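Novice:
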Amino acid sequence: MVGPVETLKVERAGGVLTVTLNRPEKKNAINGAMWSELLATLRDAATDGEVRVVVLTGAGGAFCSGADLSPGGRDEGQHQLARMRDVADVCLALHHLPKPVIAKVGGVAAGAGCNMALGCDLIVASEDARFSEIFARRGLSIDFGGSWVLPRLVGLHKAKELALLADIISAAEAERLGIVNRVVPAAELDAFVDDWAQRLAAGPPLALSMTKKLLNEGLGMSLDQALEAEGMAQTVNFGTEDTAEAMAAFLAKRDPTFRGR
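Convert by adding 272 to the 1-based position in the sequence shown; the result is the number in the numbering used here.
#1: Have a look at the DSSP bridge pairing and note the partners of residue 403.
#2: Could you check where the beta strand (DSSP E) with residue 330 kicks off and where it finishes?
#3: How close, in whole Å, do the beta carbons of residue 422 and residue 435 come, if the pair is a contact with beta carbons under 8 angstroms?
#4: Look up residue 336 in the DSSP assignment and say whether it is helix, strand or coil.
#5: Determine which residues share a DSSP beta bridge with residue 454 and list them.
#6: Should residue 477 go down as buried or exposed, given a rule of 16 or more other Cβ atoms within 10 Å for buried?
#7: Using a threshold of 8 angstroms, state whether the C-beta atoms of residue 366 and residue 373 are closer than that.
#8: Which residues in the same chain have their Cβ closer than 7 angstroms to the Cβ of residue 455, if we skip the five residues on either side of it in sequence?
#9: Taking the C-alpha atoms as reference points, what is the distance between residue 314 and residue 426?
#10: Who does residue 281 pair with in a DSSP beta bridge?
#11: Can you check whether the CB of residue 311 is closer than 8 angstroms to the CB of residue 300?
#12: Tell me whether residue 301 sits in a helix, a strand or coil according to DSSP, three-state version.
#13: Taking the CB atoms as reference points, tell me whether residue 498 and residue 511 lie closer together than 8 angstroms.
#14: Using 8 angstroms for Cβ pairs, my map puts residue 317 next to residue 279. What's the rounded Cβ distance?
#15: Return the first residue and the last residue of the alpha helix (DSSP H) that residue 485 is part of.
#16: Residue 386 to residue 475, Cα distance in whole Å?
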């Protein structure tokens, strides 16, 4: 795994890697160091065979209030376009991570923090969570992939409403819109996410990674292309030990043990 980090807390328990944004005094606003550490952590998780699932969350009762726009939060010696390419690198590393990622959202998820949550594969929010495409309130346009992912989740016109008006919406409203998968009481958030993470960690890694890729790319494909991609993925699955183990476990009426090969 990556070496010592300043802005994250990175913990592994079994196959579950929990990455906690750890600047609670700033509601986990992302500064230059955090962008770099997130990129290194996600890239490392992608190639670590022991990691089956990633949980992304925030410390101190907030998920992430977005990019740190204060003078101390940015590298003033770096051109803004270079900074935005750093943001893009993290977004792409999250999107292409060949393992399921769960966003565990308590408190505020705003701006880039909102779109970081939306860029995860599953989102579980506490009842007190709040979401906002807050960019317009800061004189900015949408970023961290929001222009790509938000219309795919809620439709074009609703995405425009959320982005142009920059309203703050409740967890219940986010669930109604299909932005989050589940809303649970704050006291149950950890246990609920732990259960999902353990279920994913016990799943077939190669099959799950290909399913994630197929779903991510499906909206940009024709049906013919999607079927061909599915066929290729399924052909790979039938050549793995994990699929043979699943078939044997089914016949023996036992739970399979997947090893990712």
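Using N, Cα and C, we set each Cβ at its ideal position, and we do this for glycine too.
No experiment lies behind these values; they were computed from the predicted model shown.
Specialist: So, from the listed chains and residues:
#1: Per DSSP, the beta-bridge partners of residue 403 are 381, 441.
#2: Where residue 330 is concerned, the enclosing beta strand (DSSP E) stretches over 325-330.
#3: Right, the Cβ-Cβ distance comes to about 7 angstroms (below 8 angstroms), so this counts as a contact.
#4: Three-state DSSP puts residue 336 in a strand.
#5: Residue 454 pairs with 396.
#6: By the 16-neighbour rule on beta-carbons within 10 angstroms, residue 477 is buried.
#7: Contact flag set, yes.
#8: Only 397, 399, 443, 444, 447 meet the Cβ criterion.
#9: Each residue's alpha carbon lies about 27 angstroms from the other.
#10: Answer by DSSP bridge pairing, in chain order: 292.
#11: No. Outside cutoff.
#12: In this structure, residue 301 counts as coil in the three-state DSSP scheme.
#13: With a cutoff of 8 angstroms on beta-carbon distance, residue 498 and residue 511 are scored as not near each other.
#14: Their Cβ separation, rounded to whole angstroms, is 16 angstroms, which puts residue 317 and residue 279 out of contact at 8 angstroms.
#15: In the DSSP annotation of this structure, the continuous segment of the alpha helix (DSSP H) that includes residue 485 starts and ends at 477-490.
#16: So the alpha carbons of these two residues sit roughly 28 angstroms apart.
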